[in-house]
Amino acid sequence: MNGASDSGFSRRAAIRQAIACGVATALLPGCREQISHAAPAIFTDKERQTLAAVGEALVPGAAVAGIVDFVAAMLADPDPMLCYRFVSFPMPPVVFYKAALGAIAGLSRGIIDAALIGRMLSPNLKGWQGPPAALVYFVIRNDAADVVYGGEDAYARLDLPYLAHIAPPGRW
Amino acid sequence: MSEAEVVIVGSGATGSLLAARLGAAGRKVVVLEGGPQRKLQQLYSSTVWSRRLKWNGPPARMAGGNPVTFPFEAGWGTGGSALHHYACWFRLHENDFKLATLYGKGLDWPIAYEDLRPWYDAVQAETGISGDARQEVWRPPGAPYPMPPQPVFRQGEILAAGFAKRGLRVAPLPMAINSVAYGGRPACIQDGWCDAGCPTGALANPIVIFGQAMRRAGVEIRHDSFVSRILTDAAGRRAAAVEYFDKNGAKQTITAKLVILAAFALQTPRILLNSASGRHPAGLGNSSGLVGRCFTAHAATNFYGMFADETEVYLGRTGGQLMSQESYAKDPRKGYVSGYTWRLGSALKLADLGGIANARTDLFGADYAAFMQRAAKHLATASILAENLASPDNRIELVAEKDRFGVPLAKLTHTSGPDAEACMAAAVAEGKAIFRAAGALEAWSAPMRTEHMMGGTVMGGDPRKSVTDGYGRAHDLENLFIAGPGLFPAVGAVNPTFTASALAARTARHIVDRWSALGGT
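Below, the structure is given as structure tokens:
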């Protein structure tokens with residue numbers, strides 16, 4: 000259930016490149032290629048593509064860093080290490096994510112870009128059918144931040160010491 | 000069916016303290032812990048893995064204008080929330096104990112600061128606190144700290160300069176974290192991983208403070224044992240047994256001569272309310288109707304500033320480096336009864352709820368990446384913690400929805416009062432001026448949030464207006480005690496763990512001294 004087997008160097012280089020390009024957004028072929036199929040079959044292909052794209056639009060580098068694998072692995076775990084565990088929203092995590100991704104897909108019409116993300120923060124979002132859009136933004140943004148900034152490689156990229164007492168068994 | 004002399008529900012800061020004390024006094028103690036066993040070797044330095052230490056039990060429903068981030072506040076496993084707490088160990092001030100008497104608002108404690116002072120001193124000596132009592136000019140009387148203060152890094156120096164320019168004093172933050180070797184534990188290495196749990200033992204979590212004493216005294220901790228009810232004798236005057244579900248989901252019962260609920264401010268009232276019976280139709284210990292009521296959280300917010308200089312924001316302790324209580328004193332002439340504490344210079348990691356990643360929640364995409372790049376080296380932060388007054392409308396109650404054991408879920412309704420709101424407005428205005436004075440290129444505050452969970456089973460002198468007496472004994476039962484911050488009728492503007500621990504130490508002595516009178520024989 001962890002991504003420790005990934006090459007730290009290649010992951011770091013890929014994320015750095017993704018952040019530098021600032022591309023993000025949309026359902027880019029490059030994003031799709033980074034979606035592993037080893038993760039538990041929680042999501043449909045459409046949901047995986049949506050999660051990768053919205054994660055990338057929120058936090059550049061998230062698709063390459065494995066947001067889909069991360070969320071899917073956590074949703075299959077009885078003790079998921081997602082920020083969702085903090086929000087006390089009355090919906091089981093899997094149901095929440097599926098509803099959230101469905102709402103994003105419904106609103107996006109195939110284009111997930113900065114404009115769409117900005118609309119998610121609007122108090123009067125029309126056409127949204129799912130959990131509160133601002134909550135979805137918060138949760139998926141944190142998932143994306145977890146995979147881009149939660150590991151030791153992120154500290155190396157930003158030239159910060161990680162200073163671990165005990166290194167974690169894996170990225171997640 | 001098993002038996003013990005004392006059953007303690009919860010292995011957090013107060014449950015572990017009581018277990019160690021009562022075990023050392025010769026009592027056969029069993030601790031029922033709802034979460035799994037935690038070991039120091041599992042305290043991984045990771046903002047992702049650290050979430051395993053946070054609540055993963057039955058959910059609670061949140062309501063009100065200022066909902067509480069319960070799963071972030073609570074713990075899950077050995078040590079409870081104290082395994083991941085930040086160890087900012089302040090004392091309440093003398094007037095915090097007499098709000099109703101002095102200001103005509105809120106509730107009085109049934110005891111005074113002077114009653115608790117020797118227990119603050121005793122716990123402080125046992126646990127070890129670093130700080131500088133002389134510089135902490137607002138501190139009530141008490142023994143000086145046994146350890147020198149923690150080091151201050153660049154972030155703390157920058158913010159302290161801003162306070163100085165505004166004519167505001169700061170002092171080292173008192174912390175239950177070793178600045179030098181103390182109590183057989185090493186000094187902190189200042190890596191900022193407190194929130195992930197401290198495996199070195201420099202930060203005083205219950206495993207390192209009480210684990211050995213509990214083992215020596217033969218205290219048994221039953222993990223994965225989720226308590227559902229307290230059962231009474233036929234007359235309904237004494238707690239007779241505790242019902243719980245073991246790791247296989249099987250219902251178990253353990254008899255006890257004395258029961259202590261130390262399950263934190265949400266689960267303790269939930270258990271009491273779920274223990275309703277013919278003798279206690281409104282819930283156990285609830286003849287006052289106050290079980291679950293007067294739940295109180297602090298009002299809080301974070302200030303952030305971006306500085307030209309590098310801030311070393313990743314170094315130090317999660318709780319902070321320095322503090323100021325220049326606006327702690329309650330002055331009704333301000334138009335509100337409240338005060339606040341500044342905590343300066345928290346060590347921040349990149350991700351997680353309290354990390355740099357959430358310092359600007361409005362940013363995404365390329366702007367966010369640019370912010371992270373800059374903030375990693377140039378961000379500084381300080382937080383405000385403001386007093387909120389107890390209100391019966393802020394409450395924990397049971398709802399129809401049930402957990403996997405068939406126990407009704409809790410609903411927690413919390414709205415900060417007008418005094419806290421007014422106090423926060425003043426604090427935020429002050430914060431902007433301080434950060435400008437410190438030279439921030441940009442400064443901003445986060446939306447108001449809540450911090451800490453207190454009240455819900457408040458102590459008091461009048462059984463009609465409180466749940467327990469001044470030792471935490473339920474007014475309605477001879478041998479049922481409650482421990483933890485749920486007892487606080489008034490919460491001051493400081494982190495609660497030190498006060499909860501001092502109260503528990505006082506309760507432990509009371510139980511040991513009165514064991515026979517309490518029915519222990």
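In order, the protein sequences belong to chains B and R. Using numbering that gives the first Met the number 0, you'd call the opening residue of the first sequence number 0 and step up by one each time. Using numbering that gives the first Met the number 0, you'd call the opening residue of the second sequence number 0 and step up by one each time. Beta carbons are placed, not taken as given, at the ideal position from N, Cα and C, and that holds for glycine. Note that this is a predicted model, so its numbers are computed, not measured.
Using DSSP with H/G/I as helix, E/B as strand and the rest coil, what is residue i?
i, result
"Y181 (chain R)", "strand"
"T126 (chain R)", "helix"
"K246 (chain R)", "coil"
"P92 (chain B)", "helix"
"R168 (chain R)", "coil"
"H377 (chain R)", "helix"
"T300 (chain R)", "strand"
"C20 (chain B)", "Residue placement at C20 (chain B) cannot be trusted, given a pLDDT of 47 that sits under 50; the coordinates are not used to answer."
"K97 (chain R)", "strand"
"R140 (chain B)", "helix"
"V70 (chain B)", "helix"
"L314 (chain R)", "coil"
"A166 (chain B)", "coil"
"I103 (chain B)", "helix"
"Y144 (chain R)", "coil"
With residue i as the anchor, note down where its beta strand (DSSP E) starts and where it stops.
i, result
"E4 (chain R)", "Premise fails: E4 (chain R) is in no beta strand (DSSP E) and is neither H nor E."
"I510 (chain R)", "Note, I510 (chain R): premise wrong, no beta strand (DSSP E); alpha helix (DSSP H) at T496 to D512."
"P407 (chain R)", "P407 to T412"
"F225 (chain R)", "F225 to T231"
"I481 (chain R)", "L479 to I481"
"A52 (chain B)", "Run containing A52 (chain B): none in the beta strand (DSSP E); it sits in the alpha helix (DSSP H), D44 to L57."
"R60 (chain R)", "A59 to A62"
"M453 (chain R)", "R448 to M453"
How many angstroms separate the CA atom of residue i from the CA atom of residue j?
i, j, result
"G315 (chain R)", "A238 (chain R)", "45 Å"
"G288 (chain R)", "R463 (chain R)", "8 Å"
"I510 (chain R)", "L517 (chain R)", "8 Å"
"L82 (chain R)", "T498 (chain R)", "17 Å"
"P488 (chain R)", "R292 (chain R)", "10 Å"
"R116 (chain R)", "A170 (chain R)", "21 Å"
"A186 (chain R)", "A175 (chain R)", "11 Å"
"P331 (chain R)", "V312 (chain R)", "37 Å"
"V398 (chain R)", "A275 (chain R)", "14 Å"
"A121 (chain R)", "F85 (chain B)", "35 Å"
"R133 (chain R)", "A61 (chain B)", "49 Å"
"G374 (chain R)", "P160 (chain B)", "Correcting the residue identity first, residue 374 (chain R) is Ala in this sequence and not Gly. The alpha-carbon atoms of A374 (chain R) and P160 (chain B) are separated by roughly 15 Å."
"M447 (chain R)", "A424 (chain R)", "10 Å"
"E441 (chain R)", "G161 (chain R)", "14 Å"
"F524 (chain R)", "M453 (chain R)", "The shown model of chain R, from 0 to 520, leaves out residue 524 (chain R), and the question about it has no answer."
"A186 (chain B)", "R118 (chain B)", "In the structure as shown, chain B begins at 0 and stops at 171. Residue 186 (chain B) is therefore absent and cannot be evaluated."
Residue range of the alpha helix (DSSP H) that residue i falls in?
i, result
"P205 (chain R)", "P205 to R215"
"F71 (chain R)", "F69 to E72"
"E429 (chain R)", "P417 to A436"
"V258 (chain R)", "V258 (chain R) -> not in any alpha helix (DSSP H); beta strand (DSSP E) instead, spanning L257 to L260."
"S15 (chain R)", "A12 to A23"
"Y154 (chain B)", "E151 to R156"
"L81 (chain B)", "Counting along the chain, L81 (chain B) falls outside any alpha helix (DSSP H), and DSSP gives it neither H nor E."
"I270 (chain R)", "F263 to N273"
Taking all protein chains shown into account, do 16 or more other C-beta atoms lie within 10 angstroms of the C-beta of residue i, making it buried, or fewer, making it exposed?
i, result
"A153 (chain B)", "buried"
"Q189 (chain R)", "buried"
"V94 (chain B)", "exposed"
"G25 (chain R)", "exposed"
"I123 (chain B)", "Per the sequence shown, the amino acid found at residue 123 (chain B) is Asn instead of Ile. By the neighbour-count rule (16 or more Cβ atoms within 10 Å), N123 (chain B) is not buried but exposed."
"N247 (chain R)", "exposed"
"K45 (chain B)", "exposed"
"K329 (chain R)", "buried"
"G109 (chain B)", "exposed"
"T43 (chain B)", "exposed"
"Q48 (chain B)", "buried"
"W514 (chain R)", "buried"
"M305 (chain R)", "buried"
"Q149 (chain R)", "buried"
"G33 (chain R)", "buried"
Say yes only if the C-beta of residue i is nearer than 6 Å to one or more non-hydrogen atoms of the ligand ZN, and no if none qualify.
i, result
"A143 (chain B)", "What this structure holds is no ligand at all, so the ligand ZN is not there to describe."
Inter-stretch contact (C-beta, 8 Å, three-pair minimum) for the region 150-157 of chain R and the region 193-203 of chain R: Contact fails: fewer than three Cβ-Cβ distances are below 8 Å.
Contact between the region 259-279 of chain R and the region 360-376 of chain R (3+ Cβ pairs under 8 Å): Three or more Cβ pairs closer than 8 Å define a contact, and the region 259-279 of chain R falls short of that threshold against the region 360-376 of chain R.
The region 421-437 of chain R in contact with the region 347-356 of chain R per 3-pair CB rule at 8 Å: Touching, no, given that fewer than three Cβ pairs across the two stretches are closer than 8 Å.
Sufficient close CB pairs (3 or more, under 8 Å) joining the region 253-264 of chain R to the region 57-65 of chain R: Using a Cβ-Cβ distance cut-off of 8 Å, the region 253-264 of chain R and the region 57-65 of chain R are not in contact, since fewer than three pairs of beta carbons, one from each stretch, lie closer than that value.
Segment contact flag, the region 70-90 of chain R with the region 317-324 of chain R, C-beta cutoff 8 Å, min 3 pairs: In short, these stretches touch, since the Cβ pair count reaches three.
Three-pair Cβ contact test at 8 Å for the region 211-225 of chain R versus the region 126-143 of chain B: The region 211-225 of chain R is not in contact with the region 126-143 of chain B.
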